[in-house]
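So the structure is just underneath, and the comments pick up after that.
Residue numbers (our numbering): 41 to 351.
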């Protein structure tokens, strides 16, 4: 019978031979998953004997990983903002870079809820998450606002062009007890019948087409449509910018995730498409541009984008 140590040696060797960038970590995570324990348990008990069925589960996982399949898809789960999300090939795997967008969105929502003179007619803060994928942003934000006791003061709509992604996002909303707090819609960006919104959040595809072949092999298992942002990475981002004059309510704000090298490009796009609007690029913990905050300046009416300003 194999021990924890034996299986880790075996797994690390196979992953190293396959070119894995993190063979030891991958092997530990997959073995812990096969055993249903935390990784710390492996470290504490390297001599523990492993049953045949669990060893075979581990070996199958290692075989999948040697083909480049992401660990998150093999495990079926990925942690994000302290929350475990169901993950599979229906949507992009949640990235830690997106946590900044969620942090900023929560701050914007709470600032508005606390600072605004709330109407007596029950009006709520309206939020839309465009291109929701696995529901990462919308579900996390709903969980955070519920913890703050603010769930009843907001409405959240999550959209995606992929029906499969919407199904996965619904599963995550149910799994985290916020299915009643998030509405879902299959749509190309924003359904025409919805809006305006106070906050628009989006982690849209922003990888340059010619850069996709150079991504780690794990990315080849993810939906290409969730990655490919066109020749300069901002094709779909520009489309959402064009929709902002109608999509955002007066005083509304859009928070868009961008690539680390797209800070200047997004500012230029806002100046061209939304003259008179303001754009601020916020950096992540690594000091890299990560989120563009875009807002309408007071006095610019709804519908007044590039064409409206020139009229």
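We treat Cβ as the ideally placed atom computed from N, Cα and C, and that holds for glycine.
Model, not experiment: these values are computed from the prediction.
Counted as a single uninterrupted DSSP element, the stretch harbouring residue 294 is not any alpha helix (DSSP H) but the beta strand (DSSP E) occupying residues 288-297.
Boundaries of the alpha helix (DSSP H) around residue 304: 303-313. Here residue 148 is buried. Its C-beta has 16 or more other C-beta atoms within 10 Å. Under DSSP, the beta-bridge partners assigned to residue 194 are 165. With respect to the C-alpha of residue 195, the residue from 205, 174, 185 and 167 having the closest C-alpha is 167.
Your pair residue 60 and residue 105 checks out as a contact, with CB atoms roughly 7 Å apart and the cut at 8 Å. Taking residue 95 as reference, the option from 73, 217 and 134 with the minimal CA-CA separation is 73. Under the three-state reduction of DSSP, residue 130 is assigned to coil, being neither helix nor strand. When the Cα atoms are used, residue 225 and residue 326 turn out to be separated by approximately 34 Å. The beta carbons of residue 205 and residue 130 sit closer together than 9 Å. Bridge pairing for residue 334: 294 and 319 [DSSP].
By the Cβ-count criterion, residue 269 is buried, with 16 or more other Cβ atoms from all chains shown falling within 10 Å of its own Cβ. Going by beta carbons, residue 255 and residue 267 fall inside the 9 Å limit. Assignment of residue 102 by DSSP, reduced to helix, strand and coil, places it in the helix class. Apart from sequence neighbours up to five positions away, the residues of its chain that approach residue 66 with a beta-carbon distance below 7 Å are 55, 60, 105 and 111, ordered along the chain. Between residue 185 and the set 150, 310 and 219, the nearest pair of CA atoms involves 150. Taking C-beta atoms under 8 Å as the contact rule, residue 79 and residue 89 fail to qualify, at a distance of about 18 Å. Inclusion of residue 175 and residue 203 in the CB contact set at 9 Å is not warranted, their separation being larger than that value. Along the length of the region 171-240, whole alpha helix (DSSP H) runs at least 4 residues long occupy 176-187 and 203-215, reported in chain order.
Bridge pairing for residue 123: 120 [DSSP].
Distance from the CA of residue 292 to the CA of residue 118, rounded to the nearest whole angstrom, comes to 31 Å.
In this structure, the alpha-carbon of residue 247 lies about 42 Å from that of residue 85.
Rounded to the nearest angstrom, the Cβ distance from residue 172 to residue 200 is 5 Å, consistent with a contact under 8 Å.
Secondary structure note for residue 46: its alpha helix (DSSP H) is the uninterrupted segment 44-58. Distance from the CA atom of residue 51 to the CA atom of residue 62, rounded to whole angstroms, is 11 Å.
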